[in-house]
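Protein sequence lines correspond, in order, to chains A and B. Residues in the first sequence are numbered from 1 upward in steps of one, following UniProt numbering. Residues in the second sequence are numbered from 1 upward in steps of one, following UniProt numbering. In this text, a Cβ means the ideal position worked out from N, Cα and C, and glycines have one as well. As structure tokens, the structure follows; a few thoughts come after it.
Number of protein chains: 2
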Amino acid sequence: MQSAVYAAVGQLVGQGHRETMTIPQVAEVAGVNPTSVYRRWGTMEVLLEEVAVAALTQGEPLPDHGDLARELDEWARIIADDIGRPKRRAYLRAMVSAREGLVEECPCWAIRREQADEMIGRARERTEATPSVRQVLDHIIAPLYHHAVFGLAVDGEYAADLVADVLRLATVDAEASAASR
Amino acid sequence: MQSAVYAAVGQLVGQGHRETMTIPQVAEVAGVNPTSVYRRWGTMEVLLEEVAVAALTQGEPLPDHGDLARELDEWARIIADDIGRPKRRAYLRAMVSAREGLVEECPCWAIRREQADEMIGRARERTEATPSVRQVLDHIIAPLYHHAVFGLAVDGEYAADLVADVLRLATVDAEASAASR
Chain A
1 MQSAVYAAVG QLVGQGHRET MTIPQVAEVA GVNPTSVYRR WGTMEVLLEE
51 VAVAALTQGE PLPDHGDLAR ELDEWARIIA DDIGRPKRRA YLRAMVSARE
101 GLVEECPCWA IRREQADEMI GRARERTEAT PSVRQVLDHI IAPLYHHAVF
151 GLAVDGEYAA DLVADVLRLA TVDAEASAAS R
Chain B
1 MQSAVYAAVG QLVGQGHRET MTIPQVAEVA GVNPTSVYRR WGTMEVLLEE
51 VAVAALTQGE PLPDHGDLAR ELDEWARIIA DDIGRPKRRA YLRAMVSARE
101 GLVEECPCWA IRREQADEMI GRARERTEAT PSVRQVLDHI IAPLYHHAVF
151 GLAVDGEYAA DLVADVLRLA TVDAEASAAS R
């Protein structure tokens with residue numbers, strides 16, 4: 001059922017129904033019982049988020065080169081390429097427009113935090129100067145996703161500028177910390 | 001007509017119709033002729049953006065204290081307070097969900113660029129170390145709007161963290177530029 005429902009969501013999003021689609025419509029397109037969809041996902045919001053996250057994480061291994069600067073740059077470019085695609089923009093817009101008020105946790109955000117945490121953890125073991133996970137999320141991930149949903153250009157060059165800023169922040173923070181020792 | 005249409009958009013957004021409302025519906029709620037609305041705004045996207053921008057710029061003078069650090073901090077806190085409100089989140093979400101593909105220019109982004117440009121220009125005349133306008137947009141504005149539309153917390157503390165990072169970037173860039181002279 002899952003792949004039929006995912007495909008149905010993708011089809012409806014592609015046909016421009018991302019803002020209006022309902023679980024009964026998704027079920028009809030998928031050829032499954034609406035009750036099963038309600039039982040499995042509960043709401044359109046949960047379903048849309050799951051599909052978006054699935055689209056996001058497919059075939060995207062975390063860079064691992066023994067050098068945080070290179071890893072962050074590659075990671076940010078992969079994400080920029082991914083979320084800059086029209087289909088991914090449409091998914092992300094569908095996701096935010098399905099939201100009301102605040103969310104406990106955003107799945108995209110949670111995945112990016114885990115990935116940033118892993119790369120930064122490895123870099124710390126190598127005693128490299130590192131930005132904080134918060135800085136990577138706020139200054140690389142948030143601007144990339146902002147550009148994707150607001151319809152501004154998201155490309156490798158933009159990603160590289162963001163990464164360069166965060167790496168300079170890491171250096172100045174490391175120097176400040178060394179100076180205060 | 002403008003205020004009746006703005007109020008109708010606000011009412012429909014408030015009633016949860018932000019994702020589905022159409023120009024004929026807005027016209028009906030506003031008690032005006034749909035043809036007039038089409039003639040004046042053309043599409044729901046244009047209308048939603050105009051309303052969002054109007055909601056944004058009301059009663060928000062640009063801080064002017066002769067000190068960029070203080071100005072950016074106050075400015076970012078005002079924006080965080082503003083876009084963190086449920087009504088403003090709803091407007092911003094309505095705005096992005098009405099978009100397709102890329103936009104030429106985002107009105108929110110254009111306004112923030114003008115404001116950043118003005119504050120940074122004044123600071124340069126005072127020979128303060130300044131970040132670039134791009135850095136202010138990418139590392140303060142984009143994360144704030146990202147948090148607003150994705151449903152993450154947006155508050156003064158978050159804004160202050162972003163501003164502190166950007167100010168540290170300005171300092172390190174100024175030092176690097178002085179060292180290369």
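### Task
Verify the CB distance criterion: does Y91 (chain B) have a CB-CB separation below 8 Å to chain A?
Here residue 91 (chain B) is taken as the residue at index 91 of the second sequence, counted from 1. Y91 (chain B) does not count as touching chain A.
#### Entry: Proximal chain A residues relative to A153 (chain B), where beta-carbon distance stays under 7 Å
Indexing the second sequence from 1 puts residue 153 (chain B) at position 153. In chain order: L102.
### Query
Does the beta carbon of Q2 (chain A) come closer than 8 Å to any beta carbon on chain B?
Stepping through the first sequence from its first residue, residue 2 (chain A) is reached at position 2. The C-beta of Q2 (chain A) comes no closer than 8 Å to any C-beta of chain B.
### Query
Counting contacts by CB-CB distance shorter than 8 Å, is Y6 (chain A) in contact with chain B?
Mapped onto the first sequence, residue 6 (chain A) falls at position 6. Taking Cβ atoms only, chain B never reaches closer than 8 Å to Y6 (chain A), which makes this a no.
### Message
Taking 8 Å as the limit between beta carbons, can you name the residues of its chain near T171 (chain A), skipping five residues before and five after?
### Response
As a first step, residue 171 (chain A) is located in the first sequence; it is residue number 171 there, counting from the start. Hits under 8 Å: A129.
### Query
Name the chain B residues whose beta carbon is nearer than 7 Å to that of M149 (chain A)?
Within the first sequence, the letter at position 149 stands for residue 149 (chain A). What sits at residue 149 (chain A) in the sequence shown is Val, not Met. Chain B residues near V149 (chain A): V96, V149.
### Query
Does the distance from the C-beta atom of E19 (chain B) to that of E19 (chain A) stay below 8 Å?
For the purposes of this step, residue 19 (chain B) is taken as the residue at position 19 of the second sequence. For the purposes of this step, residue 19 (chain A) is taken as the residue at position 19 of the first sequence. Yes.
### Query
Beta carbon of V29 (chain A), beta carbon of A8 (chain A): below 8 Å?
Within the first sequence, numbered from 1, the residue matching residue 29 (chain A) stands at position 29. Within the first sequence, numbered from 1, the residue matching residue 8 (chain A) stands at position 8. Yes, these two residues count as a Cβ contact at 8 Å.
### Query
With respect to the alpha helix (DSSP H) encompassing T35 (chain A), which residues constitute its N-terminal and C-terminal limits?
Indexing the first sequence from 1 puts residue 35 (chain A) at position 35. Where T35 (chain A) is concerned, the enclosing alpha helix (DSSP H) stretches over 34 to 41.
### Message
If we define contact as Cβ-Cβ less than 8 Å, is T20 (chain B) a contact residue for chain A?
### Response
Taking the second sequence and counting its residues from 1, the one referred to as residue 20 (chain B) is at position 20. Yes, contact with chain A.
### Message
Please confirm whether A116 (chain A) has its beta-carbon closer than 8 Å to some beta-carbon of chain B.
### Response
The residue you call residue 116 (chain A) lines up with position 116 of the first sequence. With 8 Å as the cut-off, A116 (chain A) does not count as an interface residue toward chain B.
### Start-to-end residues for the alpha helix (DSSP H) that takes in E100 (chain B)
As a first step, residue 100 (chain B) is located in the second sequence; it is residue number 100 there, counting from the start. That residue, E100 (chain B), is in no alpha helix (DSSP H); it is neither H nor E in DSSP.
### Message
Just verifying my parser: in three-state terms, what is the DSSP assignment at E114 (chain B)?
### Response
On the second sequence, position 114 is the one that residue 114 (chain B) refers to. E114 (chain B): helix per DSSP, three-state reduction.
### Task
Work out the CA separation of D138 (chain A) and R122 (chain A) for me, nearest whole Å.
As a first step, residue 122 (chain A) must be located in the first sequence, where it is residue number 122. As a first step, residue 138 (chain A) must be located in the first sequence, where it is residue number 138. In a straight line, the C-alpha of R122 (chain A) is about 20 Å away from that of D138 (chain A).
### Query
Mind listing which residues of the region 119 to 138 of chain A have their C-beta closer than 8 Å to chain B's C-betas, in chain order?
Against chain B - using a Cβ distance shorter than 8 Å - the residues of the region 119 to 138 of chain A are R134, Q135, D138.
### Query
Around the Cβ of V37 (chain A), are there at least 16 other Cβ atoms within 10 angstroms (buried) or fewer (exposed)?
On the first sequence, position 37 is the one that residue 37 (chain A) refers to. Per the 10 Å Cβ criterion, buried.
### Query
According to the neighbour-count rule (16 or more other Cβ atoms, all chains shown, within 10 Å of its Cβ), is D155 (chain B) buried or exposed?
Position 155 of the second sequence, counting from 1, holds the residue named residue 155 (chain B). Only exposed fits D155 (chain B), as fewer than 16 other CB atoms lie within 10 angstroms of its CB.
### Task
Tell me whether E128 (chain B) sits in a helix, a strand or coil according to DSSP, three-state version.
Sequence index remark: in the second sequence, residue 128 (chain B) carries index 128 (1-based). Three-state result, E128 (chain B): coil.
#### Entry: Rounded distance between the beta-carbons of Y6 (chain A) and L92 (chain A), thought under 8 Å
Here residue 92 (chain A) refers to the residue found at position 92 of the first sequence. Here residue 6 (chain A) refers to the residue found at position 6 of the first sequence. Wrong, their Cβ atoms sit about 16 Å apart, outside the cutoff.
#### Entry: Residues near W41 (chain A) by beta carbon distance below 6 Å, same chain, minus five either side
To locate residue 41 (chain A), count along the first sequence from 1; it is residue 41. Closer than 6 Å at Cβ, skipping near neighbours: L47.
### Message
Taking contact to mean 3 or more Cβ pairs, one atom from each stretch, closer than 8 Å, check whether the region 60 to 80 of chain B and the region 107 to 121 of chain B are in contact.
### Response
Judged by Cβ distances under 8 Å, the region 60 to 80 of chain B makes contact with the region 107 to 121 of chain B, as three or more pairs qualify.
### Query
Which value, in whole angstroms, describes the spacing of the CA atoms of T127 (chain A) and D161 (chain A)?
Residue numbering aside, residue 127 (chain A) sits at position 127 when the first sequence is read from its first letter. Residue numbering aside, residue 161 (chain A) sits at position 161 when the first sequence is read from its first letter. Whole-angstrom Cα-Cα distance: 24 Å.
#### Entry: Straight-line Cα distance separating L12 (chain B) from M44 (chain B)
Here residue 44 (chain B) refers to the residue found at position 44 of the second sequence. Here residue 12 (chain B) refers to the residue found at position 12 of the second sequence. Those two C-alpha atoms are separated by around 12 Å.
### Message
Given a cut-off of 8 Å on the beta-carbon distance, is the pair C106 (chain A) and G151 (chain B) in contact?
### Response
Position 106 of the first sequence, counted from the first residue, corresponds to residue 106 (chain A). Position 151 of the second sequence, counted from the first residue, corresponds to residue 151 (chain B). A contact, by the Cβ cut-off of 8 Å.
### Task
Compare the C-alpha of V133 (chain B) against each of B:A110, B:V96, B:S177, B:A148 and name the closest.
For this step, residue 133 (chain B) is matched to residue 133 along the second sequence. Check the Cα spacing between V133 (chain B) and each of B:A110, B:V96, B:S177, B:A148: the tightest is with B:A110.
### Query
Are there 16 or more other CB atoms within 10 angstroms of the CB of G101 (chain B), so buried, or fewer, so exposed?
As a working note, residue 101 (chain B) is residue 101 in the second sequence. Exposed: under 16 other Cβ atoms inside 10 Å.
### Query
What span of residues does the alpha helix (DSSP H) with V166 (chain A) cover, start to end?
Position 166 of the first sequence, counted from the first residue, corresponds to residue 166 (chain A). V166 (chain A) -> alpha helix (DSSP H) spans 156 to 179.
### Message
Taking its Cβ as the centre, do 16 or more other Cβ atoms sit within 10 Å of E49 (chain A), making it buried, or is it exposed?
### Response
Your numbering for residue 49 (chain A) matches position 49 in the first sequence. E49 (chain A) is buried by the Cβ-count criterion.
#### Entry: Within-8 Å CB hit, A179 (chain B) to chain A
Looking up residue 179 (chain B) in the second sequence gives position 179. Taking 8 Å as the threshold, the shortest C-beta distance from A179 (chain B) to chain A does not fall below it.
### Task
Could you list which residues in chain B have their beta carbon closer than 8 Å to that of A142 (chain A), in chain order?
Walking along the first sequence from the start, residue 142 (chain A) turns up at place 142. Those within 8 Å of A142 (chain A) in chain B are A142, P143, H146, H147.
### Task
Return the Cβ separation of V136 (chain A) and V103 (chain A) in integer angstroms, given the expectation that the two are a contact with Cβ distance under 8 Å.
Here residue 136 (chain A) corresponds to residue number 136 of the first sequence, with the count starting at 1. Here residue 103 (chain A) corresponds to residue number 103 of the first sequence, with the count starting at 1. Not confirmed; about 20 Å, so no contact.
### Task
My understanding is that G84 (chain B) touches A148 (chain B), with C-beta atoms under 8 Å, so please give their C-beta distance in whole angstroms.
In the second sequence, counting from the first residue as 1, residue 84 (chain B) sits at position 84. In the second sequence, counting from the first residue as 1, residue 148 (chain B) sits at position 148. That belief holds up - the Cβ atoms of G84 (chain B) and A148 (chain B) are roughly 6 Å apart, short of 8 Å.
### Query
Which of helix, strand or coil does DSSP assign to Q15 (chain B)?
Within the second sequence, the letter at position 15 stands for residue 15 (chain B). Coil, per DSSP.
### Amino acids of chain A, ordered along the chain, whose beta-carbon sits closer than 8 Å to that of V172 (chain B)
Residue 172 (chain B) sits at position 172 when you count from the first residue of the second sequence. Chain A residues near V172 (chain B): R168, L169, T171, V172.
### Message
One question on the structure: do R77 (chain A) and A159 (chain A) come within less than 8 Å of each other, judged by their Cβ atoms?
### Response
Counting from 1 along the first sequence, the entry for residue 77 (chain A) is found at position 77. Counting from 1 along the first sequence, the entry for residue 159 (chain A) is found at position 159. Yes, they are a contact pair.
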